[in-house]
Every structure is written in C-alpha cells, then in structure tokens.
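Student: Residue numbers (the numbering used here), protein chains in the order written: chain A, 75 to 318; chain B, 61 to 561; chain C, 35 to 178; chain D, 3 to 431; chain E, 222 to 588. The beta carbon of each residue, even a glycine, is placed where N, CA and C say it ideally should be.
(1) Using a Cβ-Cβ distance under 9 Å, would residue 170 of chain A count as near chain B?
(2) Have a look at residue 215 of chain A and residue 172 of chain A and give me their C-alpha separation to the nearest angstrom.
(3) Residues of chain A with CB under 9 Å from residue 518 of chain E, in chain order?
(4) Residue 67 of chain C by DSSP, collapsed to three states: which one?
(5) Taking only three categories from DSSP, how would you classify residue 153 of chain C?
(6) According to the Cβ coordinates, are residue 53 of chain D and residue 136 of chain C closer than 9 Å?
(7) Does residue 260 of chain E come out as helix, strand or coil in the three-state DSSP assignment?
(8) Measure the CB-CB distance between residue 419 of chain E and residue 401 of chain E and report whether it falls below 9 Å.
(9) Could you tell me whether any Cβ in chain E is nearer than 9 Å to the Cβ of residue 221 of chain B?
(10) Starting from residue 401 of chain D, trace the alpha helix (DSSP H) both ways and give me its first and last residue.
(11) Run down chain E in chain order and give the residues with a C-beta less than 8 Å from the C-beta of residue 200 of chain A.
(12) CA-CA distance, residue 190 of chain A and residue 129 of chain B?
(13) I need the boundaries of the alpha helix (DSSP H) containing residue 233 of chain A, first residue and last residue.
(14) Residues in the segment 547-562 of chain E with C-beta within 9 Å of chain F's C-beta atoms, listed in sequence order?
(15) Can you tell me the Cα-Cα spacing of residue 522 of chain E and residue 438 of chain E, whole angstroms?
(16) By the 8 Å beta-carbon criterion, what residues does the segment 106-130 of chain C contribute toward chain D?
(17) Under 8 Å: do the segment 215-222 of chain B and the segment 242-250 of chain B share three or more Cβ pairs, one atom per stretch?
(18) Short of 9 Å Cβ to Cβ, which residues in the segment 566-584 of chain E face chain A?
(19) Using a Cβ-Cβ cutoff of less than 6 Å, which residues in the same chain neighbour residue 356 of chain D once the five nearest sequence positions on both sides are dropped?
(20) DSSP three-state call for residue 353 of chain E: helix, strand or coil?
(21) Buried or exposed: where does residue 277 of chain D fall if 16 or more other Cβ atoms within 10 Å of its Cβ makes it buried?
(22) Measuring only the C-alpha atoms, how far is residue 445 of chain E from residue 398 of chain B?
(23) List the whole-angstrom C-beta distance separating residue 154 of chain C from residue 94 of chain C, where the pair is believed to meet the contact cut-off of C-beta under 8 Å.
(24) Should residue 496 of chain E be labelled buried (16 or more other beta-carbon atoms within 10 Å of its own) or exposed?
(25) Do we get a CB-CB distance below 9 Å when we pair residue 84 of chain C with the residues of chain D?
(26) What's the gap between the Cα of residue 342 of chain D and the Cα of residue 142 of chain C?
(27) Between residue 86 of chain C and residue 416 of chain D, what straight-line distance do the alpha-carbon atoms span, to the nearest angstrom?
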C-alpha cells in the first residue's frame with residue numbers, strides 16, 4: 075500500500091496505516107513524509123513500512139513489531155521505549171535514540187546524536203540492539219541496563235573520538251562495543267573497556283550480519299576490526315550514596 | 061557495634077510482670093531490636109536498632125511492651141538542635157546522603173487546618189444524606205467546552221476518554237518494588253471494590269494484577285519499567301510521572317537486592333540489577349517534548365484512554381501545570397511537598413516543593429482564567445489525612461485526590477519512616493518474603509475498602525450539611541471555605557475569604 | 035463440618051496460635067498466669083512449622099476419613115457423632131503410635147514420657163471459634 | 003428352626019465388622035442389621051489384650067465401642083454362636099445353634115485363626131494361642147492358678163513380642179523363640195529388629211532366634227518345658243504359640259466363593275457372590291505397593307475395608323484403593339513403625355539415618371523416586387507424613403534429602419502437595 | 222494588547238525554530254520560511270509566533286529601525302515625543318498589515334527610522350546610546366514596546382500560529398536575505414504580543430527553544446551592565462547577553478559561545494595545551510553569570526549572518542543544513558525539507574559549538 079503523506083497530519087497518516095493493518099495489509103510505502111511523528115506506534119504486527127522523506131520525532135515509539143526502513147536521515151526519539159521491530163536509517167539519526175528500548179533493532183548507517191541508548195534494558199528473550207555506523211555524541215549508553223549498543227566508527231575523520239563524553243554513565247547492564255579506540259577519559263567510573271575476545275567477535279558477527287546486509291557493507295572487514303567492549307563492573311552502581 | 065555518636069531514638073520498656081517470654085516480639089522485629097539471648101534463651105531488647113515501628117507492641121499478647129520516642133539528651137541549642145547534631149553525626153559516620161521514608165516530618169503549616177467548611181443554616185436547607193441520594197461520581201479527563209448539536213438536535217460534541225470514579229479518592233502511585241505485592245494487590249482490589257483507581261507507580265503491572273487493570277492508572281516514568289504495549293493497552297489511564305512531592309526533581313532507585321524474581325518479571329529487568337529511574341525523562345526536556353510524549357502515548361493507545369501528567373508542586377507549578385494542559389494532558393496530578401515516598405534524601409524531602417493547598421488554588425484559578433479548565437482534570441496529592449482535607453481540596457478546585465500515606469496507614473503503617481531499609485515490619489514496604497506475608501491482602505483489601513467507604517460517607521455528610529447533593533457543587537466552590545489565622549496574602553492566593561466575612 | 039484451615043501465604047510465624055492454644059488448655063484465666071505455671075503448661079495442639087519465610091500453623095485436620103480413628107487399637111480416637119470432630123481420649127490411649135503412623139499431616143504429637151499422645155487439637159471443644167483462629171493476627175487461620 | 007431376615011448380616015465382631023456396621027448405619031438408618039460372632043464378648047480392642055494381661059489397661063477399657071453401641075445402632079447381636087453354613091443361593095446363613103438368618107447383604111469379617119504347629123506336646127495344659135479375649139482370660143486364669151515362673155513364647159512376631167513383654171512385665175522369666183534370625187522379621191528390617199531385640203532384652207526378655215521348637219515337654223498334662231532344635235530345653239510353665247494367623251476361609255469355601263489364602267474380593271470388597279462382601283483379616287485384597295492381592299492382617303486396613311465394604315453394602319459406590327502394610331509396635335517402651343516394604347527391593351535407593359546416640363533410626367526405600375517402604379525406630383514422631391507420601395506415591399526427588407531428617411515437616415514437601423493436604427478437606431492425598 | 226498581564230517571574234515556554242540565510246544576499250521568499258514553520262506546528266500552540274527579516278529596508282539601510290508595539294495612538298505619540306528628544310527621526314510609518322481571521326488584539330504597529338542626535342551623543346558610542354534609548358522606552362514610555370531596533374532588519378511577531386502571523390504582517394512583500402522564525406509553546410495564555418519571539422536588540426535577533434534554569438542569575442548579570450529585562454523571557458536575556466559579549470566585550474561568536482556554553486571543568490582539566498587551558502579557565506572564571514544553564518537551542522541573526530548554538534549538554538534539538546548558497550538552522554530537519562526541499566548536506570549541531578552561516582561579503586570583508 076502506497077500512501078502519499080503530503081498534506082496529511084501525522085494522526086491521519088497513522089490512522090490510515092493502522093486501519094490498513096487491521097485489514098491485513100502488510101506492506102507500506104509512505105512517500106513525501108516530512109516530519110510525521112510516531113510512525114509505527116501502536117501497531118503490533120510485523121508489517122513492512124518504507125519511508126520516503128524525513129520521518130518526524132518518536133519514530134517507532136512504543137512500537138512492537140513493524141519493520142521500518144527509511145530513505146535518509148531521521149530525527150529525535152527514534153525507538154522510544156520500543157518493544158520489538160526494526161528501524162533502518164541509511165543517513166544520520168538525531169538525539170535520544172533507543173531510550174528505554176526493550177527489544178528489536180535500530181540500524182543507523184551514519185552518525186547518531188546525544189543520549190543514544192539511554193536505559194536500554196533486556197529481559198528474558200528480549201534484547202535490544204542498536205548499531206550505529208558512524209559515531210555517537212555525549213551520554214551514549216547512560217544507565218544502560220541491558221542490550222547491545224554497537225558503534226562502528228565508519229567513515230570518520232582520523233583522530234575523531236567515536237563516542238562523546240560521559241559515555242556509559244550509570245551503566246549497570248548490557249554491553250557496548252566500539253570499533254576503535256575509546257579514550258578512558260570519556261568513560262564514567264564503574265565501567266571498563268577491554269579488548270574483545272573470540273566469543274565477542276562471534277556475537278558481533280551474528281549481530282552485524284543483518285546490519286551489513288541491510289547496507290551492503292563488508293561483514294568480514296567490519297567484524298575483523300579493532301573492537302573495544304564496555305561493560306559495567308556492577309549491576310549496582312549507586313550503592314554508596316546513602317547513609318542507611 | 062563500634063562506638064557511635066548517634067544515640068538511640070527509642071526506648072523499649074518491657075514490663076517483666078507481664079512478659080511471658082513467648083518470643084513473639086523477637087520474631088516480629090526485623091531490626092534486631094528484640095532478640096532471644098542465646099545464653100539464657102530469654103528475650104532481650106536493643107534500643108539502638110529500634111525504629112519505633114510498634115510491631116512488637118502490637119503483637120505482644122500480654123501488652124508487656126511500650127516503645128516510646130526517646131528524648132534526645134544533651135545540651136540544646138536553638139540553631140544546633142539535637143536533631144541537627146544527630147544528622148551531622150550520622151553523615152560524619154557514613155559519608156552518605158541521609159535517606160528517609162514517608163512525607164516530611166518538618167513542622168510546616170498544614171493549611172487544611174486553617175480552612176473551615178461551610179454548612180447550611182436557615183436560609184437554605186441542609187440535606188440528610190441518609191435519606192437523599194448523594195452523588196460523588198466524578199469524571200476525570202477532558203470535556204468539551206460546550207455541547208454542539210447537529211440539525212436533528214443530537215449532540216456532536218464528545219467528552220474525551222474519561223475515568224469514572226464513584227468517589228473522588230484514588231490511590232496514589234506506589235510501585236511494586238517500593239511496596240510489596242500484597243500491598244499492591246490490596247490497593248488494586250480495594251480500588252475495584254470502591255469504584256475508583258489505583259496507580260501502578262513506575263514498577264510495572266504484576267501479571268496477577270492485570271485482572272484489575274481496568275482500575276489501574278499505569279505510570280510511564282523515566283525508567284520506563286515494565287512499559288509494554290500490553291501494559292498501556294490494559295490500563296484505564298496512562299500517567300506520565302514527572303515529579304513527586306516528596307522529591308521534586310529527583311529520580312528513583314530501587315536497589316538490586318530488592319529486585320526479586322517477581323519484581324524482575326514485572327519491571328522486565330534482570331533479577332538483582334538496580335532499577336534506576338533517572339531524574340528526568342530523557343525524552344522530555346521541555347514542554348513540547350512533554351507534548352510529544354503525551355501524543356506518543358495517545359498514538360500508542362489509539363486515543364482510547366486519558367493521559368495524566370503527574371508533577372510535583374514547586375515554585376513554577378502554575379505555568380508547568382497550565383503547560384501540561386496545553387500540551388494535551390487530560391489529567392494533571394499535582395503532588396505537594398507533604399507527599400510521601402519510600403526513599404528520599406531527607407534534605408530534598410524537607411526543603412523542596414510547596415504545599416499542595418497553594419499549588420491547587422493557584423493552578424485551578426489560572427486554568428479558569430485562561431478558559432481551559434475543562435480541558436483537563438486536576439488531581440491533587442500530598443498528605444491527605446482525612447475526608448475533611450479532601451472536601452476542602454475539592455472546594456479549592458480539585459476533581460479528585462490521590463491518597464498514598466493514609467492508604468498505607470490503613471494497611472498497618474506506623475510511620476517509622478524506615479521504608480528505605482526494606483525491612484518494613486508491617487510487610488508493606490519490603491520485598492522480604494518473611495515480612496511481606498504479614499500483610500494479608502484479604503485484610504488489606506478490607507481495610508482500604510473500609511477507609512474509602514468511611515471517607516465517602518463523611519464527604520456525603522459534609523456535602524449534605526452544605527446543602528448539596530452532588531460533589532459537582534463543591535468542586536471549586538471556594539465560597540464554601542473560610543480561612544482562619546491566615547495572612548491577607550495567603551487568603552488572596554487561596555482566593556478564600558477570612559472567617560467572619 | 036467446620037475445620038481450621040491454615041493459609042501459609044499469610045502465616046507470619048508469630049506463633050501466637052501456639053501461645054493461645056496453651057492458654058486455652060491451661061485452665062487459667064489469664065495468659066500471664068498460664069505461663070507462670072510452667073509445670074502444668076500444656077503442649078500446644080497447634081504447631082507452627084517454619085523454614086525461613088515459609089510457615090504455617092498445623093493442627094489436627096479432623097479428617098472425614100480419619101485414618102487415626104481407623105488405626106487406633108484402643109478406641110481412644112473417635113469421631114464426635116454430633117460435631118464430626120475427632121476426639122482423643124487420653125485415658126484410653128495406650129501409646130501404640132498407630133495414629134502417629136497414619137496421620138499424613140504429622141498432626142498428632144507424642145508425649146514419650148507419658149507414653150500417650152501428647153496433644154491433639156480438640157477445636158476448643160466447640161467453645162466457639164478455636165483460640166488459635168481467634169487470635170491469629172493475620173487471618174492465616176480460618177475456621178469454616 | 004427359627005428364621006430371621008435382615009437387610010445386612012455381619013459375620014464377625016472385630017474392627018472390620020464394627021467399621022462396617024457403623025458405615026452401614028451412617029448410610030442406611032432404617033435397614034435391619036445383625037452381627038454374628040462366635041465370641042461372647044462385646045466388641046473389644048483385641049490388640050490390647052496383652053495390655054490387659056499385664057494390667058496396663060484395666061479390663062473395662064477393653065471395649066472398642068460404648069456398651070450400648072448395638073442398641074444405639076439398632077443391631078441385633080448373635081454372640082457366642084459361630085456361623086456354620088452359608089448358602090449364597092438362598093441368601094441364608096446358619097448359626098451353630100441352628101438359627102438361620104436370611105440376609106440381603108452379608109459381610110464376612112470372621113478374621114483369622116492362630117496357627118498351631120503340629121508339635122509333640124502342643125496339647126499340654128499351659129500351651130495357648132493369644133489372639134482373642136478368651137485366650138487372654140484363659141492365660142491370666144492359668145497363671146493365677148498355677149505356679150508359673152517361666153514362660154516361653156514361640157514366635158517373635160507382633161503378637162509374640164507383645165505377649166513376651168506382658169509376661170516379663172508380670173515378672174515371669176520369659177524367653178522368646180523365633181525360627182527366623184531376628185525378631186519382628188516381617189515388621190522391621192535388620193537394624194530395627196536388632197534394636198527391638200535389645201529393647202526386649204533390656205526388659206529382661208530372653209530372645210533366641212534361628213531356633214525351631216521341636217517339642218514341648220510336660221508332666222501331669224501340664225507343660226514344663228520347650229525343646230529346641232539345638233537340643234536345649236527351656237523350662238516353661240506357660241507357653242504361648244504365636245507363629246501366625248490364617249484367614250478363616252472355611253465358610254467361604256463351603257459356600258463356593260472364590261478363595262486363595264483368604265477370601266478373594268474385588269475393589270469394592272465384594273466376593274465372587276455379589277451379595278457377599280469380605281473385609282479384614284479374612285479377606286485377600288489388593289496391595290497397592292505390590293499390585294497383588296494378599297491378606298493383610300493389620301488393624302487399620304481391617305477398619306478401612308470394613309468401612310468401605312459397609313458403604314458399598316449400603317448402596318454407596320466406594321472403591322477400595324488398597325491398603326499398604328504398616329505396623330506400629332511399642333516394644334518394651336521402644337516405638338517402632340514400619341510402612342510398606344521393610345526390606346528394599348532390588349533396584350531400590352536406600353536412605354538411612356541413625357542418631358549419634360543410636361536411639362533413633364530411620365530408613366527408607368525408594369523406587370523411581372517414590373517411597374515404597376520406611377522403618378522408624380525410636381523417634382517415630384510425624385512418621386505419618388511418610389505414610390502419606392507412600393500412599394500417594396508422590397515423586398519425592400525434589401526433597402529427597404529431607405526425608406530422613408528428624409525435623410521432617412509438611413514444610414519440607416512441595417507446595418502443591420502441602421497446600422492440598424493442609425487446605426484440602428481431609429487426607430485424600 | 223494587555224500590558225499588565227505579565228507575571229512577576231519568567232515565562233515558561235518552548236518552541237520550534239527555523240532560520241534561512243542566503244549567503245549571497247539573494248532574497249529568500251517568505252513562503253519558504255512559512256512552509257518550514259508550518260511543518261513544525263506540533264512544536265507550538267498558537268500562543269506566539271514571529272519572524273525576523275534581514276536586508277528588508279535597503280532604502281534606510283543605515284538608519285536604526287525601531288519596530289514599535291503600542292497600546293494605542295496615544296502611546297505612539299508619546300513615543301514620538303520622546304524619540305524627538307533623543308533621536309533624529311528620518312522616517313516613520315505604520316507597519317503594513319492585513320486583517321487575518323485568527324489574529325486579534327493586535328497592538329498599534331509602527332516603525333521609526335532614526336539616528337542618534339549628535340548633540341545628545343556627546344562622543345558616546347552610538348550603539349550604546351541606542352541600547353539605552355530602547356531600554357528607556359521599554360521601561361518608561363507608557364504603553365510602548367520596542368520589538369526590534371537594528372539596521373535594515375525588523376521583527377514581526379504576535380499571538381497566533383506562524384502562518385497567520387506571516388499573513389498578517391504581509392511578509393511576502395519583503396525581500397530578506399535572512400529569515401529567522403519561531404513558533405511558541407508558552408504554558409500560559411500569551412496575551413502579550415511583545416512576549417513572542419524573536420527578540421532583538423540592535424543587530425541581534427534571537428529565537429530560542431528551551432528553558433534556562435539559570436535565568437535568575439543571567440538576568441542579574443546583564444542587569445549589572447545596564448540591560449533591564451522587562452519581558453521575563455529567556456530570549457530577551459540571551460539577546461542582551463549576545464549584545465554584551467559580542468558588541469561591548471568584543472568577543473567573537475565562538476568566544477561568546479565559550480562564555481555561554483563552556484566545557485565542563487572535567488573537560489578543562491583534561492586539556493593538555495596550556496594556552497587553551499588558560500583561556501578556558503579565565504573564561505569560566507570571568508563569565509559564570511553568562512553560563513546559560515539548562516536546555517537551550519538558539520538561532521541568532523545579525524548583520525553578518527546567522528548563528529546556531531545549543532547548550533553544552535545538547536538538551537534541545539538543533540540541525541543545520543546547506544543547499545547552494547543557503548544555510549539553514551532548525552529544530553527539526555523536516556522543517557528544512559519543508560522550507561527548501563532536500564538539502565545537499567545536513568548535520569546536527571554539536572553541543573556548545575556554534576554553527577555559523579556568514580554572508581560571503583562579510584567573510585570577504587573580514588579577510
């Protein structure tokens with residue numbers, strides 16, 4: 075189903091999509107999207123949504139199932155509290171992506187902004203995966219409680235840090251992988267950055283295979299690079315703050 | 061115990077003529093203040109660890125025990141009171157922030173006690189609530205400004221999704237994790253019995269409580285614990301928690317040791333891992349972000365349920381509350397500075413925020429001035445102690461109130477303010493299975509249902525006295541209030557006349 | 035017939051049931067006096083089983099098909115034809131422990147010194163609500 | 003020849019008969035009922051006769067039910083008159099005195115008869131069996147009227163041991179002779195037997211095992227000694243033969259009912275004749291542990307069978323799930339209990355506990371994680387919990403290590419089972 | 222226009238912002254910016270919107286243009302009387318408007334092209350002088366408020382959504398090489414036209430999205446240099462701050478950004494270059510009152526171009542883009558697409574680092 079979004083308010087657009095999903099439609103092509111918010115929200119079916127244009131904020135918020143593929147950049151709040159599904163962004167992504175995400179995948183080919191993957195958490199078979207092709211800014215992985223956050227550092231100028239300041243602040247679960255050096259000064263206390271082992275590389279291979287397929291990237295070359303793994307020392311980062 | 065400068069706060073008196081050495085007190089004390097001496101097998105007390113919870117006193121079959129507050133002894137000083145010294149000693153020993161539970165115990169003025177309600181005499185009749193129908197039904201949510209009709213005379217206007225309350229009292233947000241399952245279960249069942257709502261707090265909705273989800277307001281807080289499409293779907297309403305009266309601007313933190321298997325399943329985080337609620341929602345840094353989240357939730361629930369925004373009453377509560385209404389909130393819940401908490405840095409609890417009386421009066425007035433009072437309902441919270449407080453709040457302009465602490469007291473809480481220790485001897489604010497059993501949900505449900513019934517009866521009685529048979533006539537009716545012992549400025553903000561006028 | 039049921043979910047292990055059972059069968063008028071008279075302190079017919087957080091109070095279930103009545107070789111265990119309660123006649127008991135052998139609850143306690151069954155719940159002999167139930171602070175014992 | 007007609011006729015007057023009588027009356031308040039017994043005595047607690055013998059239990063407490071029980075339950079008694087002929091076709095039973103009773107339903111609860119081995123001298127005076135009140139009364143009379151200093155009990159089964167204990171309590175120099183290599187061989191395992199033997203000896207009962215009695219010697223028609231196969235001679239002025247009991251199947255055989263060692267019954271305790279039931283020691287019912295029918299001469303089983311037979315006779319459909327063997331014997335102050343098998347079958351897992359002071363002993367046998375037998379000696383407190391587990395054939399793998407612990411409680415059991423029995427109405431576990 | 226409904230404390234609001242600059246000074250059609258703003262309808266609530274255009278008064282390019290909002294004609298004449306005492310009025314006229322359905326309660330709108338009176342200047346810096354004039358009008362001339370005061374630029378703002386405001390002010394009739402616009406989400410009724418954004422002082426104009434927790438200290442800091450905040454908005458204090466730092470303290474835009482959004486001490490501590498470390502240290506030590514704490518994202522216009530700046534934690538969104546000679550800065554990338562189609566290049570603004578679009582000629586002049 076093809077929907078021309080121009081002239082439609084996001085609420086009308088989403089209603090059309092939801093109505094069609096209820097009718098059993100599984101393939102959507104949205105054209106002339108320009109700032110339409112909440113695409114994919116409130117849909118619990120694994121439908122495919124192709125977005126031409128620039129989607130609005132909270133793309134895939136509270137989403138549970140749809141597979142959204144964008145044509146270029148996307149804005150803030152992608153995958154907010156997302157439960158399941160896929161978001162693919164060939165360009166760059168804005169701030170606050172994957173906030174409190176519990177499941178599904180977000181693939182960004184370019185860079186992503188500030189506060190990526192805050193408080194992502196995993197539970198039982200649900201494990202959120204966020205993969206950023208380029209770099210991220212400050213507060214990446216803050217309060218990370220579960221899931222995998224991968225920064226590949228592709229196409230970056232030499233010497234540019236791949237993560238911003240205050241990386242992994244309050245992290246108490248999950249794993250971050252950064253393909254390249256991470257200046258320890260950018261990390262908050264309570265986490266450690268170590269070189270990866272063979273197990274990690276296998277994990278990365280499994281996670282990156284669909285990512286590379288999505289963007290036609292050379293999997294072996296990317297997996298073969300230098301990776302640093304960031305993990306928390308404890309699941310209880312704030313034990314000493316209070317007088318009991 | 062190494063030498064400590066922190067003196068005991070309580071005295072445990074045991075009447076040895078009455079003590080039968082049955083040991084019930086030792087089994088009830090989770091603070092090791094009552095113990096069996098391993099040498100002679102006799103019961104002994106240790107006041108140093110006593111928190112004054114009164115559990116042993118209550119359970120002692122012979123009434124042999126008294127636990128009283130111990131006067132702090134020492135040279136008093138108007139600035140350096142003994143309480144102040146004690147706090148410094150504790151911090152000098154621990155190096156940590158002082159934590160506390162429940163609402164502030166600082167002696168701020170309780171303005172409810174300076175407001176009196178009206179009653180009919182002669183000029184209009186009072187109503188006998190025993191004989192006449194008294195309506196407490198309350199709807200929360202957005203209502204149309206006016207009703208428009210089509211040519212056939214059928215109304216075309218619609219009220220937004222609404223919550224229907226049989227009594228204007230709801231249970232405040234208390235998460236599973238901060239309180240025990242049995243406490244949550246009691247609240248849920250009592251809410252259903254009484255035709256009102258309970259609030260999940262940010263702890264998710266336990267699978268056994270989905271049965272009561274049509275009486276649940278589910279919270280979306282900064283930690284987003286247990287927030288799934290199913291959770292949002294099941295609820296009667298969704299509440300975005302921005303702030304809490306006991307700790308405005310402060311996040312929450314459920315320590316890993318309390319994250320049991322059940323809590324883990326409910327919050328959907330691994331067992332034993334800290335449950336951290338960041339101070340802000342990281343997707344809300346401004347009012348239009350709030351709007352973005354409100355509409356994200358409306359979109360996710362297909363506009364089928366009201367969205368509430370809960371804020372703490374602070375200096376700028378008026379523009380914040382008004383902004384939340386403009387941002388699409390169907391309900392604005394405000395929690396005053398006397399609001400409760402399971403664990404809060406004492407310094408925040410006792411020094412941040414404003415009393416709910418003023419917040420309510422100011423916000424209600426402003427919304428009316430701006431002509432948007434119908435767009436949202438006001439729910440207030442923060443230390444409601446009795447039905448009179450509630451009636452006064454409604455007269456000031458509230459649609460309904462949230463009660464938290466009084467509900468906990470109904471469940472057995474004795475205000476020891478040690479919730480944060482996780483050792484609540486009453487089984488309310490703990491996850492220790494040995495302690496949580498102490499709150500029998502059958503009894504809990506009954507107690508809470510009774511409390512709501514009793515207060516509803518009293519509200520009807522007061523309404524009747526004022527010559528009204530509907531709560532609609534009290535809501536925002538400040539004519540029914542008079543202030544006593546208040547300054548001109550306070551009266552002005554409350555828009556209440558002084559007694560005698 | 036009415037029986038006492040234990041709800042282990044809400045049994046708090048306080049053992050007040052034991053204390054009030056002792057008092058009830060002590061013959062004294064006050065609890066304090068009952069316990070002062072240590073020599074004649076009866077054994078409680080209700081016992082709290084406890085292991086960490088788990089606990090419940092257990093006393094004779096007064097079974098419909100009481101195996102103790104079937105097994106008693108001395109006619110000491112009988113069913114009260116009116117109340118249905120299983121009664122134990124200490125005079126007739128010879129201490130053969132057949133009841134102990136067959137009671138699947140282990141609710142019959144031995145008094146080895148006397149060579150007789152030590153205590154067995156008598157539902158407070160129909161004097162209203164049994165003491166253990168009446169004094170359970172958490173409604174973990176119900177009588178219905 | 004007078005004739006009486008009853009809806010129910012019960013042959014026997016012990017526990018199975020009484021249980022049946024009560025069960026029938028519970029279900030059928032009107033039906034006419036008669037009890038027939040070759041004994042004169044009111045229904046009594048037969049296991050207590052050794053207690054009466056040594057004076058531990060006064061005789062007036064021997065009655066199993068109140069004196070007026072027959073009147074209360076409107077039952078006609080025919081006491082002291084054995085049934086001699088049963089005619090299933092005619093629905094009649096003929097008593098020794100020729101009275102013929104016509105029945106609607108009939109219960110055979112005639113128990114068993116002690117086995118008296120065919121030995122030289124068994125006819126001497128002073129040689130007794132010991133299963134009935136009359137036996138006890140005769141022995142007591144004999145001891146009182148003769149100079150008896152020494153006693154020999156042949157057979158160290160339950161009866162033999164209790165008789166020996168009673169003799170010793172009375173001050174007689176008592177010896178028990180057992181053919182097998184240990185006492186209570188059917189009720190206990192080897193260690194249990196050893197402990198019981200020790201208890202007997204502590205009570206001044208001499209125990210001779212692995213010995214057969216070859217003859218009894220006497221003079222003036224009075225028994226004076228017992229000769230063993232070892233050649234030794236034990237002086238004895240009184241001898242009790244306690245080598246076993248066999249079901250009284252003669253009447254059933256004569257009536258053409260199906261019999262094996264006992265009277266065969268189905269799971270409703272009905273014999274091959276639909277109007278005739280059998281219960282108690284005379285019957286050969288299903289053993290749930292072995293899955294085979296076998297006579298089970300134990301008190302609780304007799305009661306249960308009687309009760310179920312009675313209910314079925316009164317028209318209620320109740321299935322007998324079988325009884326497992328179990329014994330609780332206080333041996334000279336030492337409590338012993340066994341339930342189910344007392345020796346482990348080949349593939350069994352054995353759990354064992356013995357306290358440091360040696361006074362307490364527990365042993366259990368598990369097959370496929372289910373308990374098939376248990377022995378308790380000394381500390382038997384709460385043994386019934388294990389009995390329950392054996393009866394229910396509960397999978398105990400999750401709490402196996404707790405089974406033999408002294409503090410075994412319901413709390414140790416899986417929650418569902420526990421809830422079922424604590425919350426459930428009774429014991430159907 | 223009700224001038225008396227201002228609260229005694231700051232006004233809480235948040236917003237959507239968009240700026241378009243053509244670096245060749247070619248005209249940017251007003252429709253472009255209006256389309257972009259319409260795309261961000263969700264970010265406002267109809268209680269305030271406004272535009273600033275640069276290069277719109279070529280005939281009076283050297284005169285300061287004061288846009289007045291007045292309560293009534295009396296207010297206008299009071300202003301005329303006052304202005305005559307301090308300035309030479311080169312020209313004055315009504316700001317052209319057209320009746321627009323959703324726009325009401327409009328004030329008297331008038332513009333004055335002025336030069337400081339030489340006799341009154343007495344050697345003072347004319348810009349300081351003009352600032353003082355504006356402050357005096359806003360404080361003392363009853364019923365008057367100066368919405369903008371720069372050369373060859375003007376601010377058009379009011380109560381309403383962006384599209385009707387543009388319609389009302391007939392923006393399509395202006396040839397501006399730079400438009401910056403704002404849609405507002407105030408938390409209380411914006412009965413006050415002057416409270417809408419942009420806010421301007423001389424050449425600077427500001428649109429802002431966010432809320433300064435440090436407003437109280439920033440207000441008192443600029444006040445100590447003679448700037449009086451009368452509007453209780455963050456934008457007002459930021460414009461004064463830019464005027465103070467860039468014009469009076471002669472800081473570059475980058476240096477001003479370091480004062481307003483400095484790196485954290487933790488980062489300063491890590492700097493190894495001693496010269497840079499000293500610079501960062503002295504900036505923070507000198508300008509604690511200029512630190513804008515809390516979320517903000519600003520687009521500022523000036524006579525040489527356009528600047529975007531976000532707070533040091535990047536708590537508000539800001540995106541920049543380029544398409545040919547045009548530079549764009551906006552709250553949402555979609556607004557840029559809506560304004561000018563798919564850009565050739567777009568990038569998120571980095572926390573605390575200004576993004577600049579300078580007029581080519583200004584660049585050349587600087588070189």
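Tutor: The relevant details are as follows:
(1) yes
(2) 10 Å
(3) Correct list: empty, because the minimum Cβ distance to chain A is about 11 Å.
(4) helix
(5) strand
(6) no
(7) helix
(8) yes
(9) no
(10) Neither: residue 401 of chain D is in no alpha helix (DSSP H) and is coded neither H nor E.
(11) Within chain E, no residue comes near residue 200 of chain A; the closest Cβ sits about 29 Å away, beyond 8 Å.
(12) 50 Å
(13) Where residue 233 of chain A is concerned, there is no enclosing alpha helix (DSSP H), given that its DSSP letter is neither H nor E.
(14) The structure shown has no chain F; the protein chains it does contain are A, B, C, D and E.
(15) 24 Å
(16) 107, 108, 109, 125, 126, 128, 129, 130
(17) no
(18) 567, 568, 569, 571, 572
(19) 363
(20) helix
(21) exposed
(22) 38 Å
(23) 5 Å
(24) exposed
(25) yes
(26) 21 Å
(27) 15 Å
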